[in-house]
Each structure stands twice: as C-alpha cells, then as structure tokens.
Amino acid sequence: MSFGVNNANMTDKKDTDDMMDYDKSGGEVVSESGRYYDHERAIQGNEHFHRLGWKRLTIVLIVQSIALGSLSLPAAFATLGMVAGVILSIGLGLIAIYASYMVGLTKLKYPHVAHYVDIGRLLMGGFGDKLFSVAFIALMTLTVGSHCLTGKLAFATLSDNTACALIFSAISAVILFAFAIPPSFAELSILGFIDFGSIIVAIGICIIATGVQQDPTATPWSAWPQDDLNLSKAFVAISNIAFAYAFAASQPSFMDEMHTPEDFTKSISTLGIVQVTIYTLTGAILYAFVGQDVGSPALVSAGPLWAKVAFGVALPVIFISGSINTTVACRYIHGRMYQNSVERYVNTTKGWVTWLSSVAIITILAWIIAEAIPFFSELLAICGCLLVSGFSFYVPPVMWFFLLKEGSWHEKRNIRHAILNLLVFLIGICILGCGLYASIVGVVSSPS
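Each step along the sequence shown adds one to the number in this note's numbering, with nothing skipped, and position 357 is 644.
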C-alpha cells in the first residue's frame, strides 16, 4: 500500500519552519543574536530527537510492551486450556501487529503526527484532540502507578517485610522518576537492553525453578478449559492475553524520533516475532510445569527463594518499563506547552526546569493515585479495558477507513483491507466488551 507522501521533505519543512519561528518570545522582539542562538539550539535539538533507527525503535517497543505482565499468561492458559491459550496468544499477537501497522502508516501519511493524540484530532477535530488527550495521559499515568505497586511488591518480597510498604512504594516512585529524566527515547533505548535481558532471565529462572520443583500431586495441565469455567473467568484470561500486546498508544511518539520512519515495519515485525514467541512459550511451558495451580504472576509458583531471585533480577524491567510511560506522557505535555519554542527540545535551562517538573508531577500523581485509591487495581482493570482496547485494537482500523483508504472501500484494490480492518475492529470491540464485563463482575464480587 502506497500513499505517495514524501515524508522526509515534509518533516524537514516542518522542522525548518519551526526553527524559523523565533522572532518573538513572550511578546517581546528578541535580538539578532538571540534569534541566532535559538536557531542553533533548534538545529541541535532537532538532530538530538531524530536519532532512532529501526533497531533502537525495536528495543524501545520491547521496553514498552514486554514486562512482568508476561508472567500472568500461564494463569490465563490454565483458565482457557493449552489449545485455546496457544491459539489466542498467537492470534491476538498477529492482530495487534497488524493494528500497529495501521498506526505506523498513519504516521507516515501525516508526518506532523507526533503522538497518538494528534490522530484523535485528525479523526474527530478538537473534540477528538481533547478526548484522546485525557485518555492518553490517563493510560500512561495509571500504568506508572501500577509499576509503583509492582516495585513495592518486589521490595517487600525481597526483604520479607510488608510493614514498610508505603516506604517501598515511595522508593519505587523515586526510581521511576530517575529513569524518566532523559527526554529522548534514543537514550532510553540503551537501558532497553538491560530491560530485555532482565525479563528474559526472570522468565528463565521461573521456568527452571518450576521445572525442577514439579509437584507430582498437583493438578496437571490440560489441553481444554477448566471444568468450572464461566464467562467472567474466560474474559479475564482473554483480556490478560490481549493487553499483553498493548503498545500502540506510544508508537507514534517513538516513531517521531526516527531518522527514517519508513523503517518502522522492520521494528514491528521483529517485535511481533519476539512477543509471540516469548508469550506463547512462557504461558505454555510454565503452565505445563506447574499445572492448574499456577499463580499470577507465575513468580509466586517458583517457591519463596526463587521468587526472591526472580524479583531481584526483574527489578530493572519493573522500573525501566514503567518509566518509559512517564517519558511518553511528558513528551506530549511538554511538546504541547512549547510547540513553537526551542524549549521543547529540553536543551535550555527553562526547558530542563519544565521538563523535570512535568516528570515529577506525573510520577507523584501516579504514586498518589496508586496508594490513595483503595480500589486502584479494579480502576486499572476497567481503564485498561476502555483505553488499551481502543488504542491497540479498534481505533487503528478506523484510521484505515477514514485516514488511509483511497477511493471507495468496496473497490477491488481496497476490499481485502476493508474486510481485514472490519474484522480487527470487531475483535477490538469484543475485547472492550469482554474486558469491561469481567472487570465489573470482579469489582462487584470483590469482598472489599
């Protein structure tokens, strides 16, 4: 599919136009030397924020998408059975990658799109911009909050001390803040190698520990769903698998830093292979080793000692994967604040002060929400269903119908994509409905 857009030229023109817009600052005419200084800063900033190649983009996407949530998949396999678990793991992975492809094509056709929110404006004007802004910042903030709680759990497990839970949570927030300080995703991609190695080793420890410590009295794995399976349990399991592939919300933000954005297909193809392989093998092997009693996350099934070892190894992935959500949210907020100013490149004193303030506000807000709201887990589940299902599944097909399609949908050249995108849209709506149903049932049946 080709859209005939000269992306490099359009992007260069946009950057050049932005660099030239420094005649006024705060309503005051600046000096010639001031304009030259800002122009030089803009050139340096533009170069600094266009250093991502497709390999680094792959690493950043892995950081965003593959975290400890992958260790909840064995429990999903236990609920659905091995056959359905494997089919859904592979099938939903392929659907998520196709939806990501639609997001990437939209970014190529509309180079000015810097964040997913800008797509909302393209689809629904000013209302879409506001709606997507709230959803985008809410999703990123809640995700950071969940990583605060995960960090607290990890520290409590490592220390055998639950009395200092609030302190552990605050320490987690401080670490998340520190990792989110670099404003460029190219810099975060360096940490991505540590992040990826961390989750791979943690999964490996779980597999080895559960394999060595297999309990012959435990209920063995089954190819088929649990006998007492109901709609709520099934929907929770399906949602856990679907949301493990949720990364599209941040994709336009990452692609905006690419020096050759047309290469994004290499990144999402590599990510798809890595994700589907890791998720399917992790879910299937751990479920086969532990059986029906596998915990969620599967770390708890490895035994107290090995759970500590795995949590210790997984600390980097908890904080690096969590902090990148802060960076994405703050890049959007900071970019909107200084849309036509050199400060957006975070290479001036004012730019750094406002950047650090933005990172601090998002981190503190996420920490307060996670700690102060007693039903945070239920809130996270409901918001995840509402937001993740849209960003990653049913909104991308809408992009094809309203932003990418050329000509009528029933033309011969479009009919195949029309059917495929309609199918993805319907699956996304099903994920939304299933997830909401399961989450609401969980809230209603919760003892608290």
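Built from N, CA and C at the ideal position, the CB exists for glycine as well.
Closest to Gly729 by CA distance: which of Lys699, Leu558 and Ala524 is it?
-> Ala524
Which residue from Tyr385, Lys699 and Leu339 puts its Cα closest to that of Phe472?
-> Leu339
Applying the criterion that 16 or more other CB atoms from any shown protein chain within 10 Å of the CB defines a buried residue, is Ala725 buried or exposed?
-> buried
Cross-strand partners of Met545 (DSSP beta bridge) = Leu339
What number of angstroms, rounded off, separates the C-alpha of Leu375 from the C-alpha of Ala531?
-> 12 Å
Reduced DSSP secondary structure (H/G/I, E/B, other) of Gly715 | helix
Less than 9 Å separating the beta-carbons of Leu426 and Leu573?
-> no
Gly314 versus Leu586 - alpha carbon distance | Caution is warranted here: a pLDDT of 44 is assigned to Gly314, below 50, making its placement in the model unreliable, and no coordinate value can be reported.
Is it the case that the Cβ atoms of Ile346 and Gly438 are separated by a distance below 9 Å?
-> no
Do Val431 and Leu463 have their CB atoms nearer than 9 Å?
-> yes
Assess, as a yes-or-no matter, whether the segment 404-421 is touched by the segment 677-697 under the definition of 3 or more beta carbon pairs within less than 8 Å.
-> yes
Reduced DSSP category for Trp501 - H, G, I as helix; E, B as strand; rest coil = Checking the sequence shown, residue 501 turns out to be Gln, not Trp. Gln501 falls in the coil class under three-state DSSP.
Taking buried to mean at least 16 other C-beta atoms within 10 Å of its own C-beta, is Ser540 buried or exposed?
-> buried
From Arg631 to Tyr625, what does the alpha carbon distance come to, in whole angstroms?
-> 5 Å
Which two residues bound the contiguous alpha helix (DSSP H) that contains Asp416?
-> Tyr403 to Ser446
Count the C-beta pairs between the segment 574-585 and the segment 501-514 that are closer than 8 Å, then say yes if the count reaches three, no if not.
-> yes
How many angstroms separate the CA atom of Phe455 from the CA atom of Cys617?
-> 24 Å
Buried or exposed: His621, going by 16 or more other Cβ atoms within 10 Å of its Cβ?
-> buried
Inter-residue Cα distance where the pair is Lys595 and Glu327 = 50 Å
Option in Gly671, Asp482, Ser446 and Gly638 with minimal Cα separation from Pro470 | Gly638
Counting pairs of Cβ atoms below 8 Å between the segment 600-616 and the segment 514-528, do you hit three or more?
-> no
Which whole-angstrom value is the C-beta distance of Ala536 and Phe423, which I expect to be below 8 Å?
-> 7 Å
Among Gln562, Gly407, Ala365 and His337, which has the Cα closest to the Cα of Gly582?
-> Ala365
Option in Ser433, Gln562, Ala496 and Val731 with minimal Cα separation from Gly671 | Ser433
Cβ contact (3+ pairs, closer than 8 Å) linking the segment 387-396 and the segment 551-563 = yes
Within 10 angstroms of the Cβ of His402, are there 16 or more other Cβ atoms? Answer buried if so, exposed if not.
-> buried
How long is the line joining the alpha carbons of Ile666 and Ile651, rounded to whole angstroms?
-> Residue identity differs from the one stated: residue 666 is Leu in this sequence, not Ile. When rounded, the distance between both Cα atoms is 18 Å.
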